[in-house]
Amino acid sequence: MYVRDMFSADTITVAPDVEFPALVQLFAERPQRIMHVVDAAGKLLGVISSFELLGLLSPGFVDANLAKALPADYDERAVCRSYTEHRCRTAKEIMRADIQPLRPDDHYLRVETLMRQQGITVLPVVDEGGLLLGEISLKKVLRYLAGVCRGNGEHCQLG
Amino acid sequence: MPHLSRLHLAGLAGIACFVCLLWAYGSFALASLIFVGCYAAIVSEKVHKTKVALLGAALTLVLKVLDQHDALHNVDLGVDWNVVFLLISMMIMVNILTKTGVFQFLAVRSAKVAQGRPIRIMVIFAVVTALLSALLDNVTTVLLIAPVTLLIAQELDLDPVPYLITEALASNIGGTATLIGDPPNIMIASKAGFDFMDFIVHLAPAIVVVMGAWLAVWVLVFARRLTVSDERRERIMAMDEGALITDPALLRKAGAILGLTILGFMLHGVLGYEPATVALAGAAALLFVSGQEPHEALAEVEWPTIFFFIGLFIIVGGTVKAGVIEWLARQMLAVTAPTPQDTFLLSMVMVWFSGLASAIVDNIPYVATMNPLILDLSHQLFGSADPAVLHGPAMLPVWWSLALGACLGGNGTAIGASANVIVVGMAEKAGHKISFVRFLAYGMPAMLLTVAISSVYIWLRYY
Numbered sequence: 214m215y216v217r218d219m220f221s222a223d224t225i226t227v228a229p230d231v232e233f234p235a236l237v238q239l240f241a242e243r244p245q246r247i248m249h250v251v252d253a254a255g256k257l258l259g260v261i262s263s264f265e266l267l268g269l270l271s272p273g274f275v276d277a278n279l280a281k282a283l284p285a286d287y288d289e290r291a292v293c294r295s296y297t298e299h300r301c302r303t304a305k306e307i308m309r310a311d312i313q314p315l316r317p318d319d320h321y322l323r324v325e326t327l328m329r330q331q332g333i334t335v336l337p338v339v340d341e342g343g344l345l346l347g348e349i350s351l352k353k354v355l356r357y358l359a360g361v362c363r364g365n366g367e368h369c370q371l372g
Numbered sequence: 004m005p006h007l008s009r010l011h012l013a014g015l016a017g018i019a020c021f022v023c024l025l026w027a028y029g030s031f032a033l034a035s036l037i038f039v040g041c042y043a044a045i046v047s048e049k050v051h052k053t054k055v056a057l058l059g060a061a062l063t064l065v066l067k068v069l070d071q072h073d074a075l076h077n078v079d080l081g082v083d084w085n086v087v088f089l090l091i092s093m094m095i096m097v098n099i100l101t102k103t104g105v106f107q108f109l110a111v112r113s114a115k116v117a118q119g120r121p122i123r124i125m126v127i128f129a130v131v132t133a134l135l136s137a138l139l140d141n142v143t144t145v146l147l148i149a150p151v152t153l154l155i156a157q158e159l160d161l162d163p164v165p166y167l168i169t170e171a172l173a174s175n176i177g178g179t180a181t182l183i184g185d186p187p188n189i190m191i192a193s194k195a196g197f198d199f200m201d202f203i204v205h206l207a208p209a210i211v212v213v214m215g216a217w218l219a220v221w222v223l224v225f226a227r228r229l230t231v232s233d234e235r236r237e238r239i240m241a242m243d244e245g246a247l248i249t250d251p252a253l254l255r256k257a258g259a260i261l262g263l264t265i266l267g268f269m270l271h272g273v274l275g276y277e278p279a280t281v282a283l284a285g286a287a288a289l290l291f292v293s294g295q296e297p298h299e300a301l302a303e304v305e306w307p308t309i310f311f312f313i314g315l316f317i318i319v320g321g322t323v324k325a326g327v328i329e330w331l332a333r334q335m336l337a338v339t340a341p342t343p344q345d346t347f348l349l350s351m352v353m354v355w356f357s358g359l360a361s362a363i364v365d366n367i368p369y370v371a372t373m374n375p376l377i378l379d380l381s382h383q384l385f386g387s388a389d390p391a392v393l394h395g396p397a398m399l400p401v402w403w404s405l406a407l408g409a410c411l412g413g414n415g416t417a418i419g420a421s422a423n424v425i426v427v428g429m430a431e432k433a434g435h436k437i438s439f440v441r442f443l444a445y446g447m448p449a450m451l452l453t454v455a456i457s458s459v460y461i462w463l464r465y466y
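Chains D and X, in that order, are what the protein sequence lines are.
The first sequence begins at 214 in this note's numbering and counts up by one.
The second sequence begins at 4 in this note's numbering and counts up by one.
This is how it looks when you write it as structure tokens:
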């Protein structure tokens, strides 16, 4: 079983010069968990996950314990301040460029390994030239494996 | 004949020099090359310093400059296990204590004691940082204080950079006061046989004076620049520091064990224990009562730092065995011309040279080199390096000059001490870049002032 059998071509792609407010808006509206930053030819440059955007919207120096000491209005003020501060940052500045993508002919077991190594829950799938083909999540893998089990009821002792 | 580039020729010349040196001087040349090469690599910061130290140590052993038995078992030449276990034990204790939230509590309480007034916050944070650094390691202290500082500065709408740099400087100054405050002091104590109270008696008074003078200058410089509205101050006063204590029961137990450990440090000389024994006992007790699994507590020990020390001890042991340190000591004797009755110039050179060197080079390898050098100086001056001589009126100020210079010198530049590097990194992550020059503008005057006061202290107290 390979990545080509299970990845989804339904992705959010953005150009490198898209600014922070548009990225937040896009993320809030669409169900996908990562955005792929691609150049004009569709070549993958990097990815932006909710971690990157949340990191910019919250003050990184306040941890969950320190937050307990803060007055009730702090969070709203801090989020608005961060939003204003980062509003001119572009997708290229925010994205993770170090993500190693998957190829369609990668074995499905490599999906989880790469995700663990890179601390991300969705990975882009690219062709040999680096052009974005789609994305894959663990849920997609599980859904595919469940389908395999259903299709092989006898072997899997289902029903 | 193939065409040789300049690089090839330089490489061949280097190898030729190496072979000639080896032929002429043997292990002396090898030890010197390993030592200088490692120092250069550490200063360049191109490769992690732990990798450099371990490679240097491996070369020292493989090339038989030092044999493994000496490296691991000889107290004069090998790894100083007292330093290694003291560091590991203190790291375990601090990691467990951090989980109680007590440090965040202290920082927020300090800001409220200052009533949200910017200059008071700066002074109180500096004093709290210095006190914590005297008992914990400097890096941990700034790692704990800096996030609260960023928050307070944000709430007051002030530039956090002067505060953060002040805390880095305060942690280096405070750490100078005690045996456990800064790694150079741990190394000096172990090599010279000083106990905790020796540092309290000889260095703490100097640090009180240094801290007071430095903060007075800081208040003069910053008081008018830092002003905020009453509304901003109210935000600080509205914080609830009581909510920060995550585990009051653990805090009580950990506080009691830390208190007993500090008492143990104060009495270790009288009781006949090494500081590492006291720290190990404290760490074991805290690990036992905290309910934390050993793998959790040990995972947070800074193992790269520990192995950096181990590698460094072996490299320096090689230079001692090969006679490099003895040669350096002779050069220093020739320059400073001390006599058994008068080591004043030697002390002054030691405090200033250590200060300037530590502003550029990591003070840990520096002190690892200077420790055996001072022992050798003692041998050459007095024919002995017994505790009676090392703690005698001639050599005592030399050790304290080394400690003051090496610890305070780290304040000079952004790379002079680990706490500085951490603060610069945290500030940058929070969107406040501190350039090398900006740090220098704060750090260098502070370093020159504190080293100058230290040299006056050495002069007045010991000569």
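Note that CB positions come from ideal geometry on N, CA and C, so glycine has one too.
In this text the structure is predicted, and so the values were computed from the model without any measurement.
Is residue i close to the ligand SAM? I mean its beta-carbon at under 6 Å from any heavy atom of the ligand.
i, result
"Ala74(X)", "Among the components modelled here there is no ligand, and therefore nothing to report on the ligand SAM."
I'd like to know whether the C-beta of residue i is nearer than 7 Å to at least one C-beta of chain X.
i, result
"Lys305(D)", "no"
"Leu345(D)", "no"
"Phe274(D)", "yes"
"Ala282(D)", "yes"
"Leu266(D)", "no"
"Leu269(D)", "no"
"Asn365(D)", "no"
What number of angstroms, rounded off, separates the C-alpha of residue i from the C-alpha of residue j?
i, j, result
"Val392(X)", "Asp73(X)", "25 Å"
"Thr372(X)", "Ile328(X)", "8 Å"
"Phe274(D)", "Arg236(X)", "20 Å"
"Leu283(D)", "Ala192(X)", "43 Å"
"Asn366(X)", "Val145(X)", "18 Å"
"Arg112(X)", "Lys281(D)", "14 Å"
"Leu348(X)", "Tyr445(X)", "29 Å"
"Ser387(X)", "Ser350(X)", "19 Å"
"Asp233(X)", "Val151(X)", "20 Å"
"Val401(X)", "Val338(X)", "15 Å"
"Phe202(X)", "Glu289(D)", "49 Å"
"Ala277(D)", "Gly267(X)", "35 Å"
"Leu274(X)", "Ala310(D)", "58 Å"
"Pro390(X)", "Ile91(X)", "27 Å"
Compare the beta carbon distance of residue i and residue j with 7 Å and say whether it is the shorter of the two.
i, j, result
"Phe233(D)", "Arg300(D)", "yes"
"Thr469(X)", "Val213(X)", "Coverage of chain X is limited to positions 4 through 466, which leaves residue 469(X) absent and any answer about it impossible."
"Thr103(X)", "Thr249(X)", "yes"
"Ala2(X)", "Ala156(X)", "What is shown of chain X runs 4 to 466, which leaves residue 2(X) out entirely."
"Ile2(X)", "Val86(X)", "Here chain X has residues from 4 to 466 only, and residue 2(X) is not among them."
"Thr53(X)", "Phe311(X)", "yes"
"Ala449(X)", "Trp217(X)", "yes"
"Thr132(X)", "Ile148(X)", "yes"
"Ala137(X)", "Ala195(X)", "no"
"Ile343(X)", "Phe291(X)", "In the sequence on display, residue 343(X) carries Pro and not Ile. Not closer than 7 Å, so no."
"Val260(D)", "His249(D)", "yes"
Tell me residue i's beta-bridge partners as DSSP assigns them.
i, result
"Val338(D)", "Leu315(D), Gly347(D)"
"Arg309(D)", "Val260(D)"
"Ile247(D)", "Ser262(D)"
"Glu232(D)", "Thr303(D)"
"Val227(D)", "Val250(D)"
"Ser221(D)", "Glu348(D)"
"Asp345(X)", "Thr342(X)"
"His320(D)", "Tyr215(D)"
Does any C-beta atom of chain D lie closer than 7 Å to the C-beta of residue i?
i, result
"Tyr465(X)", "no"
"Leu153(X)", "yes"
"Ala302(X)", "no"
"Asp198(X)", "no"
"Gly428(X)", "no"
"Glu170(X)", "no"
"Asp162(X)", "no"
"Glu234(X)", "no"
"Pro165(X)", "no"
"Pro297(X)", "no"
"Pro150(X)", "yes"
"Met242(X)", "yes"
Can you list, in chain order, the residues of the segment 218-240 of chain D whose Cβ is nearer than 7 Å to any Cβ on chain X?
-> none
If contact means a Cβ-Cβ distance below 9 Å, which residues of the segment 432-448 of chain X contact chain D?
-> Lys432, Ala433, Gly434
Relative to chain D, which residues along the segment 333-365 of chain X have a C-beta separation below 9 Å, given in chain order?
-> none
Given a limit of 7 Å on CB to CB distance, which residues of the segment 248-263 of chain X reach chain D?
-> Thr249
Contacting positions in the segment 97-130 of chain X - beta carbon closer than 7 Å to chain D | Gly104, Gln107, Val111
Residues from the segment 413-424 of chain X in contact with chain D, defined by Cβ distance under 9 Å | none
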